[in-house]
Structure formats: structure tokens, C-alpha cells
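Going by the numbering used here, the first residue of the sequence shown is number -12, and it counts up by one from there.
The structure appears below as C-alpha cells.
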Amino acid sequence: MRQIACIIFAAAAGMWCQYAHSQQTVAPVLPEKDPPAEGEAVKFVPGAAGKHPRLLLSAQRLPGLISYFNSEQGTNYRDQITAYVARCSVPADRKTTPAWGQEYGLFKLPTVALHYLLTKDKGSFEKAVAYLKWLAGTADWTTGGEPAVEDTPEAYLKVLERMKEFGPQGERNSDTTASFTMVGAALTFDWLYNDLDPAFREVFRKVLWEHSRAMYYGGHLARNPGGNYWRGVPGYNHRWFRDWGMTLAAVAAAEGKTEEQWFLQKVRDELAYMAEWLPADGSQHEGPSYGSSAGGLGMAFQVFDESFGTTFLSRPFFRAVGFYAMQMSAPGFKEAIYFSDCGDRSLSVHPFFLKTAADHRQLDILDGIRKVLSVNANRWGIRDYGWLAFLCENPSLTGGNYANLPVSAFFPDLGIAVMRDNWSETAVAARFKCGPPGGYTLNAWRQTRRTPEGALPYLNVAHDFPDANSFVILGQGQYLAETDRYPLNPGKMSTGHNTILINGYGQVPQGRTDGPEWFQPGSGDMTKMARITAYKDGGDIVVVEGEAAGSYLAGTDQRTGRSRPGLSRFRRTFVWVKNSYILILDDIRAPEPVEVTYLVQAQKLEPVGEADGRYRLSKADASCEMQIVADTSFAAKVGVSTANDHSRLMNWQQLQVTATAQSVRFASVYDPWKRGGLKVVLSAPLTARGNSTVRVTGPGIDDTWHWQPAGGAFEPSSLRGSRPSGFEILVDRTTAAPPAVLPE
């Protein structure tokens, strides 16, 4: 028995020796030196080299900031920042991880450092230096938690050498926590630069530079095994977040030395790549919540532009982003108009958008962003960003009024139309969406990266939804027609959206399956999945039409085993008639009879005249009645939606209207203005391609809509609406061509 034990021990010892040797011989993520630089040099703008502060502010700007901070006009920011300083101290467990790395890197370090810069408060200086020494004594910024080291330059340099010896492991020092930590570290170092002990300052400069390199080598160059989901692709929040910390750390630490050139060129090229593929309309395919990540990318652009003379922040995207953020704000500004992954009560506005609006003298947008930040001043993520809002403010710009902003907007990159009747907190608002996962700009990028065999590259659309031809309706301060939030279990499924199912399941990209936790790109051209075919803004009447048959390919539902043919048509026309009604017209066709299920969901949904297709959607004290009719018989029931927020079911009640036919047309009318007694009548066409007449009646309403279905796959339908002694509007190929999806 003892002999067997000795053999086992010897074998184990041999394996351990082999393992230990292999660990010692694994190449570090960070090389000792970068390659020689080639190509155009990255040079500081005149007078910038060797000068601090240089991140987001300068010595020339500082007196004005101090004056504003101490003025009556700056009272709210002064109170917000001063109150937050009391919460700032090195964590007892020395971990960097709270709030995904945001708590210290994005909130506490910059707050206490800026407070010192503005007030010269000794306590704030001591807190800021303590933060820097905590990080100087921590090799792993992804996790932290390392014991404190002796407070000497030599001890901190030993920690840095240990960091430089790290081999590949997960996303160590190349994840978002590391990046957010870099943001705070870079700002604090830069803003305190002139008052730091020179020996420690030089040590920390080296720390910043090497952590920035670690992000690039471990992340962008894939020397760490984790992170393949964000590498290579533009237009993705995870990449923007990493570029944010990497850029601020590199710019703060750079001295203009020759040996810095290669890496600075790589940072410049990375930012240029991100800038090249930003949609011109300011939208972000990952939804309003993740769309605010543009604020981090914008800060990276700003600090690089101001130090090295580039013009990344001048891209059309940043001229448009404030307008987009305001339009995607729900009435009352306490949440967003949702699409893609958004936690409940998410916002669409980022404090950095104060700067983009101010830079472009967009006074009404600036007023709106100020209002959103004010309404949500005590919320996590707004309260904590007082330092950033303060720096992005331009108090000399006044006179704007967000109520003057347009009440309707179209964002062509994603195929999103938004409308509201006014900018009050009880306004009626709606959103219609029909576009490809990822948007047109990123799908155009995909075409430029085809393999020699013609295959399209991966595009990260993990946060997108199978929601083509979907809509939401808000009124009286609440969501009336609801949508999904951040679905994980159940995952991304059309059953959480106001769209349709075919034979029981929804939209699936080519080569993928229904309901993944993270949405995945199709193997084919996704711009064929969904497209806006018509858009007309007639003021009080807005008409938008989408075609989404390409989202319903032939296939089999893996959960139920049910198969279906591919649709040849799913045309939905969304008609907004201000102060009257919302009318939705659906034209659905298949090569054989299929089960078509029309979905709409609300917190509460109940029949009020089931025989006539009448139901009431409600939430809290708000409500909206609706009616649905079809050109064929259907069955209706109220079920429960799969909508969820991080696997927490929302328990929306869902109207499921099912008809079995080879072709079917639905007409549904919604009454968010509470006109009462609205009725919709649909005349059945003689053929699947024939014309229909839709009549909507109610108090003061007797409207007729002549509906002529389109011929081609993406050709606009013809819709002519009229009201006696009222409006007349025509929507067709000559009057309602949607704006170009990509700039010329």
C-alpha cells in the first residue's frame, strides 16, 4: 500500500514540476518593448507636451471651472460633488470590482480628484493619492484585492514588474473593470500631476503606460484567451469601453518619446477604426441603455483630439447623438423608449452629451439633456457622474427649450421611427422598428470583411432583439403597449415583442436558432431580414412601413419540433394620427397555410368586447383600448409574455390573435388619447394581392384608408387616407421614400 502511495506521490510531483516549468516558460502578455514605429507619427499639438492637466481640461480652462464651481449657477454641481466626496475611500477589501468596475474607476476617483483640483482641499488630495497608491500596489486591475505593499517607489515598481510578467489568463487587465479603473486612475494622475511627489508620480506614470499596453496586447491583440466576443468588430460597447480606459491612460502617461510612438499609433488607429463605422444618425444598435456607452468613446476621442490634433469627435455621429438620446427618452424622462437589451428604468442620456450638444450649439437639445439629468439627479449612475456633467457643461449657453424639439424623428440606420404629441411627462408616444440586427452601417462593414470564400465575418449583435416590425405605445406617464427588457432566460425571442409568430415561433437569422441568451448574427446578408419601405412625416400624421418577411425563414422550432415555410410577405404599416388614434395594418403571406399569431402585450390586458376584438391595455392608472379585425377568422386569448429583465419575468399579459391561412391581413386601432368608441372596419380583398379599404370611426372621426399592397419585396405600399373636412395624405413610392440608410 505504501509503495502504491509513493508511486502516486512521485507521479504527482513529476506532474507538478512539469506544470510549474510550463508556467515559468509561458510568454508574458506584455513584451518588454514595442516594435519600431512606422508611418505617420503621433505628435503632441504645440505646447501640449509635458503639460498637465491635459485630460478633459487644461490649466487655461481651470480658472473658469473654479469660478463656475463657486458660483450660484454652479450650486447644484458643487453640492453634488462635495456630498459625494464623503463616500470616497479605498475599499477595505482593496477590490476593483464593485459595480462592474464603475464604482471606483468612473465615479469615486474622478470625483475626489476633481474636488481637489477645484478646491485644493487637503482631505480630497489625501484620498486621491491613497487611491493611486492602492492601484500602484495592485498588479491585477481586473480583480484587485491584493495586500498593501510598502509605500515606497521600489515596492510599487516590484508590483509593476510582477504585472508585466503575467501570462495569459482570462481577460486579466484587458476587461471592462480594468478599463474603467484606468479611466479613474488616468484622470486622477493627470489632474493631480503637478502636486504629486515626483518620485511616486514617475512610478505611477509607468504604471499607467504599462496597463494601457496590457489592455492592447491582452485584449486587442488577443494575447489573453478571453475576449473573442468583442475583438475585431466595431460598434460594440465592450470595445468602446476598453478603448476608453486604454486611451486615457496612454495619453495621460505619454511624454512624446520615440519609444512611445508605435503604441500611440496603434491607439490612434484603433480610434480611427471606431470612428469610421459610427452611424451618422447617432443611433446605437444595442439599445438606449448601451447606447450611452458612446459617452465613454467620446471622452477617448476628446482627449486624443486635444492632445494630438485628430478630429475624431467631429464625426457626424456625435453631432447627432444628443438628438437621438432625447428622442429615445420616454415622456417624463425617467426611462427610455426601449429596444434591445435595457434593464428596467434605463436611460438613454449620458452626461458627456452635454458637451456634444454644447459644441454644436444645439441649445434645445442641451436644455433637454440638462432636464433629464436633473429629473434623475439622485439615481445611481447620474448622481455618481456629477464630476463629468460639471466638466461637460457650458453655463454660457442658455435660452434653449427642449419643448421646441421635433415631436417625430426617424433613425435610418436601425429603421426606427419615434413620435410623440408633445414633450410633457404625460404625452402619448410611440416607437416603430424595422431594421437589420446591428444596423446598416455595421452590416456594410461586414461586407468589407468577407473571407476569400465569400463568408461574412462575425458581427456582435448579442444585445439586439428579434423585433422587426415591432412597436411600443406610451401614454399618461406609462408604457401601454409594452416590450421586452433584458431577456436572458427565456432569451431573445419574438414572443417578448409586439410583432408576429409563424407556426408558434418568431424571427430567426439565417443559420441560427430561436431564443438564445445572446442574439447571434445570421450567416447571410442581414439587411434582407427587415427594412423600412416607406416613411412620411406629415406633421400630425406620421406613416412608417416595414417589411420583415426575411426574418421568418423556413425552419423548425427546436423546442416544439414544428416546421414552417419561409414567409413571402410581412408588411406592417404604422399610422400615427395625432390626437385621434394609432392604426396598424398587417399584410402577411406564405406559400402554404400557416398559423399567424399577432402579439401585443401590456402590464394588464383584458377583454372589453371580445366578440368584436376589443381589449384594454393598462398600467397603473393609465389605459388604452384597442380593437383588432382581420380578413379571415381568428381565435384570440390572453396569455403571458416571455418578456423578462435578467431572467426576472415581467409577467406582461399578452394578447395572442391567431389565424390559420396562406395570407391574412390584420387591422388594429389603438386609442391612447382616450377618444372612446373607436371602431375599425377592414374590407376583405378579393385576392391575396388585392386592395383593401380600412375605415376608422369614433367621436369626431370618420377616416378612410385605401390600402394597395406593394408588388416588389421592398417596394412601398400605396396608402391614401382622408377625413371629411380634415386631412388627406398619400403614402407611396413617390411621396414616402425613406431617408437613405447610409450617407452618400
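Even glycine gets a Cβ: it sits at the ideal position worked out from N, Cα and C.
In the DSSP assignment, what residue or residues form a beta bridge with residue i?
{"i": "leucine 636", "result": "Asn631"}
{"i": "glutamine 695", "result": "Ser705"}
{"i": "threonine 645", "result": "Thr584 and Ala622"}
{"i": "glycine 131", "result": "Lys82"}
{"i": "proline 22", "result": "Bridge partners of proline 22: none, in fact."}
{"i": "lysine 420", "result": "Ile403 and Ser457"}
{"i": "isoleucine 615", "result": "Ser655"}
{"i": "aspartate 574", "result": "Arg558 and Arg652"}
{"i": "isoleucine 528", "result": "Val564"}
{"i": "isoleucine 688", "result": "Gly685"}
{"i": "glycine 596", "result": "Arg601"}
{"i": "isoleucine 519", "result": "Gly533"}
How long is the line joining the alpha carbons of residue i and residue j, rounded to whole angstroms?
{"i": "serine 709", "j": "threonine 164", "result": "57 Å"}
{"i": "aspartate 184", "j": "arginine 518", "result": "59 Å"}
{"i": "valine 13", "j": "glycine 154", "result": "6 Å"}
{"i": "threonine 297", "j": "alanine 241", "result": "16 Å"}
{"i": "alanine 287", "j": "serine 411", "result": "35 Å"}
{"i": "alanine 317", "j": "glutamate 141", "result": "54 Å"}
{"i": "asparagine 638", "j": "glutamine 588", "result": "10 Å"}
{"i": "glutamine 10", "j": "proline 18", "result": "Low per-residue confidence applies at glutamine 10: pLDDT is 43, beneath 50, and the placement is therefore not dependable, though the value from the model is reported in the following sentence. Glutamine 10 and proline 18: Cα-Cα distance of roughly 16 Å."}
{"i": "tyrosine 103", "j": "proline 50", "result": "13 Å"}
{"i": "alanine 723", "j": "alanine 468", "result": "26 Å"}
{"i": "tryptophan 694", "j": "glutamate 715", "result": "14 Å"}
{"i": "alanine 609", "j": "aspartate 451", "result": "29 Å"}
{"i": "lysine 420", "j": "glycine 387", "result": "30 Å"}
{"i": "serine 327", "j": "glutamate 597", "result": "32 Å"}
{"i": "tyrosine 203", "j": "lysine 358", "result": "38 Å"}
{"i": "glutamine 248", "j": "histidine 337", "result": "32 Å"}
{"i": "glycine 205", "j": "glycine 219", "result": "14 Å"}
{"i": "glutamate 189", "j": "leucine 195", "result": "10 Å"}
{"i": "glycine 553", "j": "phenylalanine 176", "result": "58 Å"}
{"i": "proline 594", "j": "phenylalanine 167", "result": "50 Å"}
{"i": "isoleucine 460", "j": "glycine 157", "result": "43 Å"}
{"i": "phenylalanine 94", "j": "serine 76", "result": "12 Å"}
{"i": "threonine 680", "j": "threonine 691", "result": "7 Å"}
{"i": "isoleucine 688", "j": "isoleucine 569", "result": "13 Å"}
{"i": "threonine 428", "j": "glutamine 47", "result": "39 Å"}
{"i": "arginine 433", "j": "glycine 511", "result": "10 Å"}
{"i": "methionine 613", "j": "aspartate 658", "result": "6 Å"}
{"i": "proline 134", "j": "lysine 193", "result": "21 Å"}
{"i": "proline 212", "j": "alanine 201", "result": "13 Å"}
{"i": "histidine 8", "j": "proline 15", "result": "Reliability of the predicted coordinates at histidine 8 is poor, the pLDDT of 38 falling under 50, and no value is obtained from them."}
{"i": "leucine 265", "j": "cysteine 329", "result": "21 Å"}
{"i": "arginine 332", "j": "lysine 145", "result": "45 Å"}
{"i": "leucine 378", "j": "arginine 436", "result": "39 Å"}
{"i": "isoleucine 369", "j": "proline 78", "result": "21 Å"}
{"i": "alanine 70", "j": "leucine 43", "result": "22 Å"}
Below 8 Å on the Cβ atoms is my guess for residue i versus residue j; work out the distance and round it to an integer in Å.
{"i": "tryptophan 374", "j": "isoleucine 68", "result": "6 Å"}
{"i": "phenylalanine 31", "j": "glycine 243", "result": "5 Å"}
{"i": "leucine 179", "j": "leucine 235", "result": "In fact, because the Cβ distance is near 15 Å, the residues do not count as touching under 8 Å."}
{"i": "glycine 600", "j": "valine 616", "result": "6 Å"}
{"i": "isoleucine 575", "j": "valine 583", "result": "5 Å"}
{"i": "threonine 470", "j": "asparagine 485", "result": "7 Å"}
{"i": "valine 308", "j": "threonine 343", "result": "6 Å"}
{"i": "glycine 92", "j": "methionine 169", "result": "7 Å"}
{"i": "glycine 124", "j": "serine 161", "result": "Not really, about 20 Å apart at Cβ, beyond 8 Å."}
{"i": "threonine 514", "j": "proline 444", "result": "Rounded, the Cβ-Cβ distance is 15 Å, inconsistent with contact."}
{"i": "tyrosine 260", "j": "arginine 472", "result": "About 31 Å separates the two Cβ atoms, so there is no contact after all."}
{"i": "valine 394", "j": "aspartate 408", "result": "7 Å"}
I want to see whether chain C comes within less than 8 Å of residue i, judged by CB atoms only; does it?
{"i": "methionine 202", "result": "Absent here is chain C; the protein component of the structure consists of one chain."}
Below 7 Å, is the gap between the Cβ of residue i and the nearest heavy atom of the ligand GTP?
{"i": "alanine 173", "result": "With respect to the ligand GTP, the structure shown offers nothing to examine, as it has no ligands at all."}
Should the stretch 272 to 287 be regarded as contacting the stretch 219 to 236, the criterion being three or more beta carbon pairs within less than 8 Å? yes
Closer than 8 Å is the cut-off here; do at least three beta carbon pairs connect the stretch 43 to 58 with the stretch 368 to 386? yes
Check whether the stretch 618 to 637 touches the stretch 490 to 500, counting contact only when three or more Cβ pairs, one atom from each stretch, lie closer than 8 Å. no
Three or more C-beta pairs below 8 Å linking the stretch 122 to 131 and the stretch 78 to 90: yes
Entirely within the stretch 335 to 376 and at least 4 residues each: give me those alpha helix (DSSP H) ranges in chain order. 340 to 346 and 350 to 362
Which ranges would you report for the beta strand (DSSP E) in the stretch 448 to 493 if only whole runs of at least 3 residues count? 457 to 462, 465 to 468 and 487 to 489
Does the count of Cβ pairs from the stretch 114 to 122 and the stretch 147 to 162 closer than 8 Å reach three? no
Could you check whether the stretch 390 to 404 touches the stretch 98 to 112, counting it as contact only if at least three pairs of C-beta atoms, one from each stretch, sit closer than 8 Å? no
Within the stretch 111 to 176, ranges of the beta strand (DSSP E) (whole runs, at least 3 residues): none
Write down every uninterrupted run of the beta strand (DSSP E) in the stretch 32 to 91 whose length is 3 residues or greater and which is fully enclosed by it, in chain order. none
If we require 4 or more residues per run, which alpha helix (DSSP H) segments fall completely within the stretch 214 to 287? 224 to 240, 248 to 263 and 274 to 278
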